[in-house]
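The structure appears right after this line, and notes come after that.
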């Protein structure tokens, strides 16, 4: 979603606090949340140049003041991942994670400019390329415990096969999410084609990443790994195997390690819950050391190089390249294509797979522009073309 100009800010671990996370979400808001997405079945593509109107959320409520927390020094040398935490362990969290922001949230002046300029989606010319968006659904590849494969269902939703597990990232199989037009490409992987889902990872609570109708389709004993403060949302929906993690914490399932890492973003789902839950990305590491990084939603900044130092040898980075225009409004929380390529280099990733484009119209850039720009930026950086996995929606690649 949105944020404003970048600044560096000291982060905090949230450890040692004595306050439970407090939710201000009402029952009515949660009911609306569950019904916000109309259907999880894909429809034919919309016609070029035609989309319904989009209305952004209003100004953000003031953030609660935070008690000082134990600081996490972002400049401290890091060479090893942290010790593993027990899955499902109950946690205590601060009331707000506003101290983790790396840039201030937009205020009334920014919202006034946003409303005045009306730059929320492309014009007819920018939408004309909808029929050209790459969509090539195919069967999921056959894999074994030594194989890593990814299949792009669209937006930030991936089917990741690693270490013998099937993991869904930010699964959104719905046709529509709250506050946005319907998908402009169908879901790339049919729900019926999925193997048993061994785990789900969630990056943050925005509606285009946390979709209640999709998650309702999963067995309630599916292991779910979520940011700090988000377990309550899943408990309300009767999930029973929920693990909340802070930044730099990890958990293991079936021999695969799941580490939650920082991102330049924020969280908000209702009217009064700004930054009440954490946000971040995930590093998945198999027993044999094969490693996949899923960024979730993020702007460009210092975290990428630090993630790369702590988790060296990332084989594949799944990085967002869309929803970036206008830059004055979105630069702090959404990478543009050139920044995504720089992020892959900062991470030391061997390969990059673009995501977070070509599915939902969330901003003003032409719908095909993220793909053309990321290809140009990759070439300009002198990187090997075969290491840019610019997959069509529905396509898969296997890590050789």
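Numbering (full-length UniProt numbering), first residue to last: 1 to 400. Glycine included, C-beta positions come from ideal geometry on N, C-alpha and C.
Exercise. If residue 239 sits next to residue 201, beta carbons under 8 Å apart, how far is it from one beta carbon to the other, in whole angstroms?
Worked result: No, residue 239 and residue 201 are not in contact; Cβ-Cβ is about 13 Å, not under 8 Å.
For this session: Measure the alpha-carbon distance for residue 275 versus residue 262 and round it to whole angstroms.
Result: 14 Å
For this session: Can you check the region 191-241 for any alpha helix (DSSP H) of at least 4 residues that lies completely inside it and give the ranges in chain order?
Result: 212-215 and 231-236
Problem set entry | Proximity of residue 292 and residue 148 at Cβ, strictly below 8 Å | yes
Exercise. Between residue 234 and the rest of its own chain, which residues show a CB-CB distance below 7 Å, the 5 nearest in sequence each way excluded?
Worked result: 224, 226 and 242
Exercise. Which word fits residue 393, buried or exposed, when buried means at least 16 other C-beta atoms lie within 10 angstroms of its C-beta?
Worked result: buried
For this session: Let me know the secondary structure DSSP gives residue 43 once reduced to three states.
Result: Per-residue confidence for residue 43 stands at a pLDDT of 45, beneath the threshold of 50, marking its modelled position as unreliable; no derived number is given.
Problem set entry | Continuous beta strand (DSSP E) stretch holding residue 267: start and end | Looking at the DSSP string, residue 267 is not in any beta strand (DSSP E), and its letter there is neither H nor E.
For this session: Decide if the region 158-177 is in contact with the region 378-393; the criterion is three or more beta carbon pairs, one per stretch, under 8 Å apart.
Result: no
Exercise. So what's residue 98 in DSSP terms, helix, strand or just coil?
Worked result: helix
For this session: Measure from the alpha carbon of residue 322 to the alpha carbon of each residue in 379, 299 and 112, then state which is nearest.
Result: 299
Problem set entry | Straight-line gap, residue 109 to residue 116 (C-alpha atoms, nearest Å) | 10 Å
Problem set entry | Inter-stretch contact at 8 Å, needing at least 3 Cβ pairs: the region 110-130 / the region 356-367 | yes
Exercise. Expressed to the nearest angstrom, what Euclidean distance is found between the alpha-carbon atoms of residue 301 and residue 265?
Worked result: 10 Å
Exercise. What runs of the alpha helix (DSSP H), each 4 residues or longer, lie entirely inside the region 121-163?
Worked result: 124-127
Problem set entry | Between the CA atoms of residue 214 and residue 396 - distance to the nearest angstrom | 21 Å
Exercise. For residue 282, which residues from the same chain have a beta carbon less than 8 Å from its beta carbon, with the 5 sequence-adjacent residues on both sides left out?
Worked result: 169, 201, 203, 225, 258, 259, 260, 261, 293, 294 and 296
Problem set entry | Rounded straight-line distance, which links the Cα of residue 207 to that of residue 328 | 22 Å
Exercise. Can you list the beta strand (DSSP E) stretches of 3 or more residues lying completely in the region 309-370, in chain order?
Worked result: 316-320 and 352-355
Exercise. Are there 16 or more other CB atoms within 10 angstroms of the CB of residue 372, so buried, or fewer, so exposed?
Worked result: exposed
Exercise. What number of angstroms, rounded off, separates the C-alpha of residue 128 from the C-alpha of residue 96?
Worked result: 42 Å
Problem set entry | residue 268 classed as buried or exposed, judged by whether at least 16 other C-beta atoms fall within 10 angstroms | buried
Exercise. Could you give the distance in angstroms between the alpha-carbon of residue 289 and the alpha-carbon of residue 155?
Worked result: 27 Å
Exercise. Around the Cβ of residue 138, are there at least 16 other Cβ atoms within 10 angstroms (buried) or fewer (exposed)?
Worked result: exposed
Exercise. For residue 220, which residues from the same chain have a beta carbon less than 6 Å from its beta carbon, with the 5 sequence-adjacent residues on both sides left out?
Worked result: 238, 239 and 240
Exercise. Whose C-alpha, out of 209, 135 and 370, is nearest the C-alpha of residue 176?
Worked result: 209
For this session: Name, in chain order, the residues that DSSP records as bridge partners for residue 397.
Result: 150
Exercise. Quick one: what does DSSP say residue 259 is sitting in, helix, strand or coil?
Worked result: strand
Problem set entry | Unbroken beta strand (DSSP E) run spanning residue 116, endpoints | Counting along the chain, residue 116 falls outside any beta strand (DSSP E), though it belongs to the alpha helix (DSSP H) covering 108-117.
Exercise. Ordered along the chain, which non-local residues of its own chain (more than five positions away) have a Cβ less than 7 Å from that of residue 2?
Worked result: For residue 2, the predicted model reports a pLDDT of 41, less than 50, meaning its position is unreliable; a value from the coordinates is still stated below. For residue 2, where only same-chain residues beyond five positions count, the Cβ hits under 7 Å are 106, 329, 330 and 333.
For this session: Please look up how many angstroms separate the CB atoms of residue 355 and residue 317, rounded, as I've assumed it's under 8 Å.
Result: About 10 Å separates the two Cβ atoms, so there is no contact after all.
Exercise. Since residue 347 and residue 313 are thought to touch, with beta carbons under 8 Å apart, how far apart are those beta carbons, to the nearest angstrom?
Worked result: Residue 347 to residue 313, Cβ: 10 Å. No contact.
For this session: Using a threshold of 8 Å, state whether the C-beta atoms of residue 166 and residue 189 are closer than that.
Result: no
For this session: Could you spell out where the beta strand (DSSP E) holding residue 250 opens and where it closes?
Result: 249-253
Exercise. Roughly how many angstroms lie between the CA atoms of residue 247 and residue 280, to the nearest whole one?
Worked result: 7 Å
Exercise. If you run the structure through DSSP and keep just helix, strand and coil, what is residue 291?
Worked result: strand
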